[in-house]
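The block underneath contains the structure these notes are about, expressed in structure tokens.
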Amino acid sequence: MKRTWWKEAVIYQIYPRSFMDSNGDGIGDLKGITAKLDYLKELGIDVIWLSPVYQSPNDDNGYDISDYQAIMEEFGTMEDFDEMLSEAHARGIKIVMDLVVNHTSDEHRWFVESRKAEDTPYRDYYIWREGKEGNQPPNNWGSCFGGSAWKYDEQRQMYYLHLFSPKQPDLNWDNPKVRQEVFDMMTWWCEKGIDGFRMDVISMISKTKDMPDGKVNGLYGDFGPYCVHGPHVHDYLKEMNEKVLSRYDIMTVGETSGVTVEEAKKYAGEDSHELNMVFQFEHVDGHGKYGKWNDERMPLSKLKEIMSKWQTELYGKAWNSLFWDNHDQPRVVSRFGNDSPEYRERSAKMLATCLHMMQGTPYIYQGEELGMTNYPFETMADFRDIESVNAYKEWCESGRVSHEEFWPCLCLISRDNARTPVQWNDTENAGFTTGTPWIKVNPNYKEINAAAEVKNPASVFCYYQKLIALRKQYPVIVYGKYTLLLPEDENLFVYTRELEEDKLLVVCNFSSAEQAFSVPEEFADAECLISNTEEREYEGTVALKPYEAFVLLR
Ligand code: TEU
Ligand code: CA
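According to this note's numbering, the sequence shown is numbered sequentially starting from -18.
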């Protein structure tokens, strides 16, 4: 298997709005990121995935872009960006940009032109359709953020497609002019010296020509079969690779919601000439009574089956990305661990061990390295995310589901759990801002903050530091072959990794109870690389403490 820098890297995702505010307006910004580069260097990460910083009206917090080659005013200036980029590079940290090109903002000049009644060069830059009889939209598709996926435009007197908010019109990738505009913009950023792209919902850029009603699921029809992994998605990515990606030493990761292993091999195959890797979502996609708004915990055997499938079926064929958290997901220690005072730290370390010893490139979401938890929402006024606010309207205010039923699901799964400010220290607003934060700081910042953790060798931060250092020291962690043990066990996640004569044993107790585990004979005199409890011998049958994790190397 070819060895490359992006296979050996650890990536850190920054959601700029919530990372660090340098000018007291309560909103994170580029200068705030620059001020924290030494902290990231100390953590040991190699690459920053920067969520969008481009000009945007912030209907979806920057995932609705009105100018791809200008910086959002609230985040600073292009000079601030250039300074951050050079300061990161000076520390050996690469910068990967978030490329959001399935859609633009409705305030982008392309859309302003496209919606004009008279013909303009931009007329076919988006997906316009006539409505049905009686002012009905072209079909029954629902958008990810609630409501119909079509909006009627008075000026052009047609409907346009928006798989997300009405302020996020989908681009028409079948139009070669659109593709060339995107490729030119990507080249412009590569010429500035950035180190790659994370590609937002890139699996949705090719739609079928026919757009029939979808299978009704709740209030609206499903657009999936017509808009996800569409007829030309691989043609367009191969074109992007040929015209841009192949010309730079950059890394790419596609956000491919709904991707299967087979599809992933096409997007990220060693010789597909498309992307380097993709994010799959099987382990975090909720399919509960209210769709993703589901408060049932996934059985460990199911989680192990999903993670192991990706580990074994991509091995040697395509490259895995590894994540628990991002700006769209609840905090992993609250979702898959135990965020009680007694077990928060140990379960956070256990989850980190489980993920970081796997095959693939690991992603750390801002605050995950501190063991930050979900937010204790009290009222709807605590929420900022368009998806959460619209979901409550669509499920509760519509009367379909009672508040008592829906509230726990919303609080557990809301993307706002990941968007509360990073907790830097125990001063007011956790040192994130000297102003009023755009979203409330988690009140547990007094106990959970970076200042306390960087100097405490037993902290979650220092544990992540060790995991990152181990990945750099032992190629078996990056390139070793994965094998799951005890597949049926509902409490223990146990697997091995092998590369030449090195063999790892990774043992994670996902339960709040003590569990017996028999260390395989072949690991009798193995070296313990890391464990989340005090030093002890791992041989014979051991009584694992709640959420105990350890790694042996022989
Ligand atoms: O997310 C797309 C996406 O699939 C998520 O919205 C997902 O459906 C849900 O939020 C979590 O299950 C990308 C970005 O990551 C997200 O922040 C944007 O809101 C969205 O695209 C539109 O750009
Ligand atoms: Ca600011």
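Quick reminder that beta carbons are idealized off the backbone N, C-alpha and C, glycines included.
Here the structure is a predicted model, which is why all the values come from computation and not from measurement.
Bounding residues of the alpha helix (DSSP H) (the contiguous stretch that carries residue i)
i: lysine 219; result: 214 to 224
i: glycine 13; result: 11 to 16
i: cysteine 208; result: 205 to 208
i: glutamine 446; result: 441 to 454
i: phenylalanine 559; result: For the chain, the structure presents residues -18 to 535; residue 559 sits outside this window and is missing.
i: methionine 139; result: Per DSSP, methionine 139 belongs to no alpha helix (DSSP H); it is in the beta strand (DSSP E), 139 to 142.
i: asparagine 406; result: Neither: asparagine 406 is in no alpha helix (DSSP H) and is coded neither H nor E.
i: alanine 431; result: 431 to 435
i: threonine 334; result: 325 to 337
i: serine 184; result: Counting along the chain, serine 184 falls outside any alpha helix (DSSP H), and DSSP gives it neither H nor E.
i: tryptophan 91; result: 90 to 95
i: aspartate 165; result: 157 to 172
i: isoleucine 76; result: Looking at the DSSP string, isoleucine 76 is not in any alpha helix (DSSP H); the run it does join, the beta strand (DSSP E), is 75 to 80.
i: glutamate 243; result: 242 to 249
Limits of the beta strand (DSSP E) - the one that residue i falls within
i: proline 389; result: Unbroken run through proline 389 is the alpha helix (DSSP H), 384 to 394; no beta strand (DSSP E).
i: valine 487; result: 483 to 490
i: tyrosine 133; result: 131 to 134
i: glutamine -6; result: -8 to -5
i: lysine 285; result: From DSSP, lysine 285 is part of no beta strand (DSSP E) but of the alpha helix (DSSP H) over 281 to 295.
i: threonine 477; result: 473 to 480
i: aspartate 48; result: 48 to 52
i: leucine 31; result: 28 to 31
i: glutamate 508; result: 508 to 512
Where residue i falls, given that 16 or more other Cβ within 10 Å makes a residue buried
i: glycine 521; result: exposed
i: lysine 190; result: exposed
i: proline 150; result: buried
i: lysine 484; result: buried
i: lysine 436; result: exposed
i: histidine 384; result: exposed
i: alanine 299; result: buried
i: arginine -16; result: exposed
i: serine 440; result: buried
i: glutamine 169; result: A small fix is needed here, since residue 169 is tryptophan in this sequence, not glutamine. So tryptophan 169 ends up on the exposed side.
i: methionine 53; result: buried
i: threonine 311; result: With the sequence shown as reference, residue 311 is identified as proline, and threonine is not the correct amino acid for it. By the 10 Å Cβ count, proline 311 comes out buried.
i: alanine 524; result: exposed
i: glutamine 161; result: exposed
i: glutamate 255; result: buried
i: glutamine 446; result: buried
i: alanine 333; result: buried
i: tryptophan 131; result: buried
Ligand 1 heavy atom lying under 7 Å from the CB of residue i
i: valine 81; result: yes
i: histidine 308; result: yes
i: phenylalanine 531; result: no
i: phenylalanine 145; result: yes
i: lysine 148; result: no
i: cysteine 125; result: yes
i: glutamate 368; result: yes
i: valine 488; result: no
i: aspartate 506; result: no
i: aspartate 181; result: yes
i: lysine 273; result: yes
i: glutamate 236; result: yes
i: tyrosine -7; result: no
i: arginine 396; result: yes
i: aspartate 41; result: yes
i: tyrosine 44; result: yes
- Item | Lining residues of ligand 2 - beta-carbon closer than 5 Å to any non-hydrogen atom, in sequence order | Asp2, Asn4, Asp6, Ile8 and Asp10
- Should the segment 320 to 336 be regarded as contacting the segment 265 to 274, the criterion being three or more beta carbon pairs within less than 8 Å? no
- Meets three-Cβ-pair contact criterion under 8 Å: the segment 372 to 379 and the segment 461 to 474: no
- Contact between the segment 38 to 48 and the segment 444 to 464 (3+ Cβ pairs under 8 Å): The segment 38 to 48, when compared against the segment 444 to 464, does not touch it at the 8 Å Cβ threshold.
- Quick check: the segment 237 to 247 against the segment 179 to 198, are there 3 or more CB pairs under 8 Å? yes
- the segment 13 to 32 touching the segment 74 to 90, judged by at least three CB pairs closer than 8 Å: yes
- Check whether the segment 92 to 99 touches the segment 193 to 202, taking contact to mean three or more Cβ pairs, one atom from each stretch, closer than 8 Å. no
- Query: For the 8 Å Cβ check, are there 3 or more pairs between the segment 210 to 218 and the segment 109 to 121?
  - Reply: no
- Are the segment 493 to 504 and the segment 441 to 457 touching by the rule of at least three beta carbon pairs closer than 8 Å? no
- Does the segment 333 to 350 come within contact of the segment 364 to 371, defined as at least 3 CB pairs closer than 8 Å? no
- Task: Kindly confirm or deny that the segment 140 to 155 and the segment 385 to 396 touch, where touching means at least three C-beta pairs closer than 8 Å.
- Result: no
- Query: Using 8 Å as the threshold, is the segment -3 to 8 in touch with the segment 407 to 427, meaning 3 or more CB pairs across them?
  - Reply: yes
- Message: Taking contact to mean 3 or more Cβ pairs, one atom from each stretch, closer than 8 Å, check whether the segment 258 to 270 and the segment 287 to 303 are in contact.
- Response: yes
- Do the segment 6 to 26 and the segment 397 to 417 make contact, defined as three or more Cβ pairs closer than 8 Å? yes
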